[in-house]
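Below: one structure, written as structure tokens.
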Amino acid sequence: MAFVDETVIDIASGNGGPGSVSFRREKYVPRGGPDGGDGGRGGDVIFVIRDNLKTLSRISYTHSFRAENGQPGQGRKKHGRDGKPVIIEVPPGTVIKDPEDGLLLNDMQEEKSSVFLKGGKGGKGNSHFATSTRQAPRYAQPGRPGETMKVLLELNLIADIGFVGKPNAGKSTLLSTLTNARPEVAGYPFTTKTPHLGVMTEKFTEIVLADIPGLLEGASRGVGLGHRFLKHISRTSALAFLVDLSDDAYLDTFPMLANELNLFRKNLTKKKRIIIGTKLDVEKSKGKLDLLKEALACENVLGISSYTMEGIDRLRAQLLTLSTGNQKEQTGWGHSP
């Protein structure tokens, strides 16, 4: 199933049912009074969080969701049946916005279920309108209309640690090494075009890791795969920056990535983080880890190889420390001048 992180849908609550115009008709009661029942209430539009959902794919195929209308009232003061609600199931991290101006309408992080649009009230039957001067009213209220709306659903990934790096830095390979996730892995840039989640278990603690698509210089302006994936980084508790040690420009990688995140949202500089030098097994990487540590003397830097498993055990321990909050927040991008 394709990863869908935003979609626009049309939603509508149900109309209220009309009240009934009816009169009591019984043997030996020639002038029975009004007995029209009320119309049923229209169904609501309800958003519900489902923890087993990971994307908005199912919703994006439907586009339109409408609750049931209330049924008309009946004679003998019978109330019309209320309309059934429409329940829209969404994954954790979903926010509801106005598609025109991006105004936040509801953040589904804060509640498991939300009645977003209420159905229209049912109209009153003519039994409500009898008076001493009008004993046989031939009037009943129509039901009130429901609400209609177009909304933008956005999914922000919720993960403990997000993997950030340039394309082909080894993020997907590392994710599959640490977890049971199986993202597509190949030796060319932009293999990962959608975020992947995996769960690493370390010392009986589950840590959710997110492989974010590779970032290029200018990502904050939409270059490469664009800034739509930068928003996912903002929802992680900590960041793991991957630096490909076989890259000729490896010393420029972290400053570039840090700058792009800072341009996108300044508070990202305060997230807890670790710098991971990848591909230690590659010949071109020899001796570069020490130079990276020297250049980033204020940062927590370690080296790994997903191929030989060198440094993986130490990395798992470091990621556990990051996720459990035992490391203080950063004060900024602290690399040496």
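Take the position in the sequence shown, starting the count at 1, then add 36; the result is the number in my numbering. A virtual CB, placed ideally from N, CA and C, is assigned to each residue, including glycine.
Problem - Own chain, CB closer than 7 Å to L358, minus 5 neighbours either side, in chain order - result: For this step, residue 358 is matched to residue 322 along the sequence shown. The residues are I197, A274, K308, I310.
Practice task
Express the C-alpha separation of K133 and E62 in angstroms, rounding to a whole number.
Solution key: Counting from 1 along the sequence shown, the entry for residue 62 is found at position 26. Counting from 1 along the sequence shown, the entry for residue 133 is found at position 97. Distance between the alpha carbons of E62 and K133 is about 55 Å.
Handout entry: Reduced DSSP secondary structure (H/G/I, E/B, other) of A222
Key = Taking the sequence shown and counting its residues from 1, one reaches residue 222 at position 186. Since pLDDT at A222 reaches only 38, below the 50 mark, its modelled position is unreliable, and the value read off the structure follows with that caveat. Coil.
Handout entry: Backbone secondary structure at T184 - three-state DSSP
Key = Stepping through the sequence shown from its first residue, residue 184 is reached at position 148. Look at T184 here: in three-state DSSP terms it is strand.
Handout entry: Cβ shell of T241 (< 8 Å), same chain only, five flanking positions each side left out
Key = Position 205 of the sequence shown, counted from the start, is the residue given in the question as residue 241. Annotation for T241: L356, S359, T360 place their beta carbon closer than 8 Å to its own, counting only its chain and skipping 5 residues before and after.
Exercise for the section: Within 10 angstroms of the Cβ of S100, are there 16 or more other Cβ atoms? Answer buried if so, exposed if not. Expected result: Taking the sequence shown and counting its residues from 1, one reaches residue 100 at position 64. Label assigned to S100: exposed.
Exercise for the section: Identify, in the order they occur along the chain, each residue of the same chain with its Cβ nearer than 6 Å to the Cβ of N51, setting aside the five sequence neighbours on each side. Expected result: Stepping through the sequence shown from its first residue, residue 51 is reached at position 15. Sequence-distant partners of N51 (beyond 5 residues in either direction) whose C-beta falls short of 6 Å from its own C-beta, in its chain, are G78, N105, G156, G179, P181, G182.
Practice task
Below 8 Å on the Cβ atoms is my guess for D80 versus L153; work out the distance and round it to an integer in Å.
Solution key: Residue 80 sits at position 44 when you count from the first residue of the sequence shown. Residue 153 sits at position 117 when you count from the first residue of the sequence shown. Correct: roughly 6 Å between the Cβ atoms.
Problem - Per-residue burial, M345 [other beta carbons within 10 Å of its own, 16 or more giving buried] - result: Indexing the sequence shown from 1 puts residue 345 at position 309. Result: exposed.
Exercise for the section: Return the bridge partner residues of F240 from the DSSP annotation. Expected result: By 1-based counting over the sequence shown, the position of residue 240 is 204. Assignment of beta-bridge partners to F240 by DSSP yields no partner.
Practice task
Go through the stretch 111-179 residue by residue and report every complete run of the beta strand (DSSP E) that reaches 3 residues or more, in order.
Solution key: For the stretch 111-179, whole beta strand (DSSP E) runs of length 3 or above, ordered along the chain, are 122-126, 130-133, 140-143, 149-153.
Problem - Residue(s) in a DSSP beta bridge with L191 - result: Here residue 191 is taken as the residue at index 155 of the sequence shown, counted from 1. As DSSP reads the structure, L191 sits in a beta bridge with T130.
Practice task
Count the C-beta pairs between the stretch 166-175 and the stretch 121-129 that are closer than 8 Å, then say yes if the count reaches three, no if not.
Solution key: The stretch 166-175 is not in contact with the stretch 121-129.
Practice task
Excluding the 5 residues preceding and the 5 following R174 in the sequence, name in chain order all residues of the same chain whose CB lies nearer than 6 Å to its CB.
Solution key: For the purposes of this step, residue 174 is taken as residue 138 along the sequence shown, with counting starting at 1. Cβ neighbours of R174 beyond the five flanking positions: V57.
Practice task
Within the same chain, show all residues whose beta-carbon is closer than 6 Å to that of P225, passing over the 5 residues directly before and after it, in chain order.
Solution key: Locating residue 225 in the sequence shown gives position 189, counting from the first residue. In this prediction, P225 scores a pLDDT of 40, lower than 50, which makes its location untrustworthy; the coordinate-derived value is nonetheless stated afterwards. The beta carbon of P225 sits closer than 6 Å to the beta carbons of P203, N204 from its chain, once the five residues preceding and following it are set aside; these are given in chain order.
Exercise for the section: Quick one: measure Cβ to Cβ for K315 and S341, integer angstroms, because I've assumed they're closer than 8 Å. Expected result: As a position in the sequence shown, residue 315 is number 279, starting the count at 1. As a position in the sequence shown, residue 341 is number 305, starting the count at 1. Taking a contact as a CB-CB distance under 8 Å, the pair K315 and S341 counts as one, their CB atoms being some 6 Å apart.
Practice task
Would you identify the three-state DSSP class for G260, choosing helix, strand or coil?
Solution key: The count along the sequence shown starts at 1 and reaches residue 260 at position 224. Any answer about G260 is weak, because its pLDDT of 42 lies below 50 and its placement is not dependable; what the coordinates show is given next. Coil.
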